[in-house]
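Chemist:
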């Protein structure tokens, strides 16, 4: 996997690569929401708790598929409130290597499937050759 963080002539980045080159089978992870294993919404008024739960859910799904967060090549992030962006970036950097960030799209949305959800993230990852 090769992370093309900021090619010459491209704008500055904040925690993502402009491109990621990889080979091998791909794993697509459905968008994860801030719900725990018992189906309870986490952190209804706590964006950081919701973001952490979403990364926990992503890690769980990736592990079940034979890969992990460090193998993510693309994230798509949906936030209902851009005031949560700093929390997202800080927590993302706790889970992903800031030196090898995935490509990323971030979209502000008017709402998600449940009115208490503040964030939803889907991911594409490469399946390591040894898997």
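In my numbering, the protein residues as written are 34 to 164.
For glycine and all other residues, C-beta sits at the position ideal for the given N, C-alpha and C.
1. Taking 8 Å as the limit between beta carbons, can you name the residues of its chain near residue 99, skipping five residues before and five after?
2. Can you have a look at residue 146 and say buried or exposed, based on whether 16 or more other CB atoms are within 10 angstroms of its CB?
3. So the candidates are 110, 71, 127, 135; which of them puts its Cα closest to the Cα of residue 142?
4. If we ignore side chains and look at the alpha-carbon of each, how far apart do residue 122 and residue 96 end up?
5. Residue 47: buried (16+ other C-beta within 10 angstroms of its C-beta) or exposed?
6. Excluding five sequence neighbours on each side, which residues of the same chain lie with their C-beta closer than 6 Å to the C-beta of residue 156?
7. Do residue 68 and residue 154 have their CB atoms nearer than 8 Å?
Modeler: With the structure as the only source:
1. 60, 160, 161, 164
2. exposed
3. 110
4. 22 Å
5. exposed
6. 62, 91, 105, 108
7. no
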